[in-house]
Structures are given as C-alpha cells and as structure tokens.
Amino acid sequence: MIKVGIVGCAGRMGLNLAREVIGTPDMTLIGGTERPGGDAVGRDIALLAGMPANGVIIGVDPKTVFERADVVIDFTTPEATVQHAALAAETRTAHVIGTTGLSGDLADRLRECARRAPIVWAANYSIGVTLLTALTEEVARSLDPAYDIEIVEMHHRHKVDAPSGTALALGRAAAKGREVALEDVWRKTRDGIIGPRPEGEIGFATLRGGDVAGDHSVIFAGDGERLELTHRASSRQVFAKGAIRAVRWVAGKPAGLYAMTDVLGLTRR
Ligand code: NAD
Numbered sequence: 000m001i002k003v004g005i006v007g008c009a010g011r012m013g014l015n016l017a018r019e020v021i022g023t024p025d026m027t028l029i030g031g032t033e034r035p036g037g038d039a040v041g042r043d044i045a046l047l048a049g050m051p052a053n054g055v056i057i058g059v060d061p062k063t064v065f066e067r068a069d070v071v072i073d074f075t076t077p078e079a080t081v082q083h084a085a086l087a088a089e090t091r092t093a094h095v096i097g098t099t100g101l102s103g104d105l106a107d108r109l110r111e112c113a114r115r116a117p118i119v120w121a122a123n124y125s126i127g128v129t130l131l132t133a134l135t136e137e138v139a140r141s142l143d144p145a146y147d148i149e150i151v152e153m154h155h156r157h158k159v160d161a162p163s164g165t166a167l168a169l170g171r172a173a174a175k176g177r178e179v180a181l182e183d184v185w186r187k188t189r190d191g192i193i194g195p196r197p198e199g200e201i202g203f204a205t206l207r208g209g210d211v212a213g214d215h216s217v218i219f220a221g222d223g224e225r226l227e228l229t230h231r232a233s234s235r236q237v238f239a240k241g242a243i244r245a246v247r248w249v250a251g252k253p254a255g256l257y258a259m260t261d262v263l264g265l266t267r268r
C-alpha cells in the first residue's frame, strides 16, 4: 500500500485527485490539507469528493501530512508548492507537483529541494501531452528554422497564469530540438505594429473561456505547408490519472527532479 497525502485537496484538481486515490486499490489516502480559513477545512475529503465518507478530515498542517505519507500530491499555487517542497526535503518524502506558474526564484528553490527528496514536476500529467512534448522536440529537430513555430493554448476562464505551463513546456521542447534557449527566442504576446516575424522566433497565443480543460497546438508553418500537432483534454481526470501513475513510479525513488517523460520512459539523455 502506498500512503498518499493531497495538499490543496479541495481544489478543482484536488477533488479529482482524491477520487482517483480513493479508487486505486494499492493506495490509501492518509490526509489532505487546504488553505487555513478555507470552507473545506474540517470536512471529510471523500464526502466532499462525492464519495462515501472515509473519515479523513481536511486539515491545515501540511507537515503532518508529509511526515505520514510516502508520496504527497500538490496542485496548489506556486508559493504554497515551494513551501511544501521544503517540507518534502525536510521529511525526505516523495512529492508529485502539478502546480504551474513557478518560474525564476521559485523554480530554483524547487530544484534545491529536489536534492534531498524525489520530486516529479510536470506542467501536464496527461499521457497525450507527454507524448506531444516528445514529438514537438523531435519535429523541431527535423525541420529547419524556416518553419515558424507557434504554440496556441486554450483553458477555462478561471486559469490565472498565461501562457499555460504546458504551452511553455512545449516551447521548451521545441527550443531544445533546435538547440536554442527558449528565453532567447520566445514571443509571449503580440500587440500593435510589431513588424515582420523574425526567423527562429517561438510564438505563443493564449485563449481563455468556458470550462475548457486544456487544448494545446504546436504549429510548424513553412512556405506552402503547415504541420499541426494538437492535444485536447476533455476532462481533468486525465491529469489525475497521470499523477497517480507518477505517484506509483516515484515511491521509493532516490532524491532528484523528475519529469513525466521519466515516468513514461520517454526521456532522451
Ligand atoms: P484551484 O484553485 O481549484 O485549486 C487549488 C487549491 O489549492 C485550492 O483549493 C486552494 O485553496 C488550495 N491552496 C492554495 N494554497 C494552499 C496552501 N497553502 N495549502 C493548502 N492548500 C492551498 O486550481 P486548480 O484548477 O485545481 O489548479 C491548481 C494548479 O494545478 C494550477 O497551477 C494549475 O495550473 C495546475 N494544473 C496542472 C495540471 C497538470 O497536469 N500538471 C492540470 C490541471 C491544473
């Protein structure tokens, strides 16, 4: 039995994760937390997730959850995630992170924590997007820079970060295929008279609306032809199922920062 904790367990993803963990025979949900003062604190996690009560009450102390769990799943906010990663490092507990929007200093702190605990960090836990990422790198490696790369994403109206973490990860894969640094070639927004498109640029376009779980397209536009790779998630459950796969994979692994491509055995070394 793998003992699993979920921090941020009453969020959109948190509740999907709780349902998945409770329904997985070789896992047991040992605890969950929410932000202090949140409506869900003190309630039964399973009941909140629409299942029969299981007596696991939502608390506010992540440290106890990290101490008791083999693996803690975390789809919260960048600031909370970095605090949780410090607890993972302190207690040497495996940590599966889905939070997006971590950059700069926060990402550096996460990498530091991964020296003392096994951490899987993926902007997208779906199997399809993990394959899309590997394919994007491969296609970018095969096509010359005369093919313009554009990444288009759409998400539900509640999403707070843009471009999505997945879009940025796809951009990073394309840049890796071209052997350049994404930060040297990205164009995250366009507005007004911006002039012709420079060769080698990797562009992003962000759409927001409705309840879209997550659509991503990588477009390779050449003269006379266009190759488009597209993934559409129709339910958040695919992310939760992928995270469960990561939980099983990371339990008992040595410290280090791992990606979903590691979990699926797709990482190029
Ligand atoms: P949400 O706002 O519905 O859920 C986040 C939850 O975290 C909330 O319930 C919030 O109260 C809780 N939280 C915040 N700070 C906390 C703290 N200090 N301690 C405990 N709980 C805390 O958001 P969501 O749609 O579930 O998305 C959460 C994150 O996951 C976002 O960054 C989103 O982009 C990302 N996401 C990733 C994937 C993936 O596959 N990697 C898929 C979907 C969403």
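Taking numbering that gives the first Met the number 0 as reference, the numbering of the sequence shown is continuous, increasing by one, and the terminal residue is 268.
We put the beta carbon where it would ideally sit given N, CA and C, even for glycine.
| query | result |
| --- | --- |
| Residue span of the beta strand (DSSP E) that contains E149, given as start and end | 147 to 154 |
| Pairwise C-alpha distance: P77 and W248 | 24 Å |
| Opening and closing residue of the alpha helix (DSSP H) in which V262 lies | 259 to 262 |
| From E33, G36, V128, residue whose alpha carbon lies closest to that of A258 | V128 |
| Any non-hydrogen atom of the ligand NAD closer than 7 Å to F203 Cβ | no |
| Cα-Cα separation between T132 and P197, rounded to whole angstroms | 24 Å |
| T27 vs F65 beta-carbon contact at 8 Å | no |
| Status (buried if at least 16 other CB within 10 Å, exposed otherwise) for H230 | buried |
| Terminal residues of the beta strand (DSSP E) in which L265 lies | Note, L265: premise wrong, no beta strand (DSSP E); not H, not E. |
| Counted within 10 angstroms of its Cβ, other Cβ atoms place I72 as buried (16 or more) or exposed | buried |
| W120 versus R156: straight-line alpha-carbon distance, rounded | 24 Å |
| Nearest-angstrom beta carbon gap, V70 and I57 [assumed within contact, 8 Å] | Their Cβ separation, rounded to whole angstroms, is 18 Å, which puts I57 and V70 out of contact at 8 Å. |
| Which of helix, strand or coil DSSP assigns to M12 | helix |
| Runs of beta strand (DSSP E) lying entirely within the segment 57 to 135, each at least 3 residues, in chain order | 70 to 73, 93 to 96, 117 to 120 |
| Distance cut-off 7 Å: D43 Cβ against heavy atoms of the ligand NAD | no |
| The segment 177 to 188 in contact with the segment 227 to 247 per 3-pair CB rule at 8 Å | no |
| Meets three-Cβ-pair contact criterion under 8 Å: the segment 99 to 117 and the segment 136 to 144 | no |
| Which of helix, strand or coil DSSP assigns to G21 | One point to set straight first is that residue 21 is Ile, not Gly, in the sequence displayed. In this structure, I21 counts as helix in the three-state DSSP scheme. |
| G241 - containing alpha helix (DSSP H), residue span | 236 to 249 |
| Assumed close pair G199, L181 - CB separation to whole angstroms, cut-off 8 Å | The pair is not a contact, with the Cβ atoms about 11 Å apart (cut-off 8 Å). |
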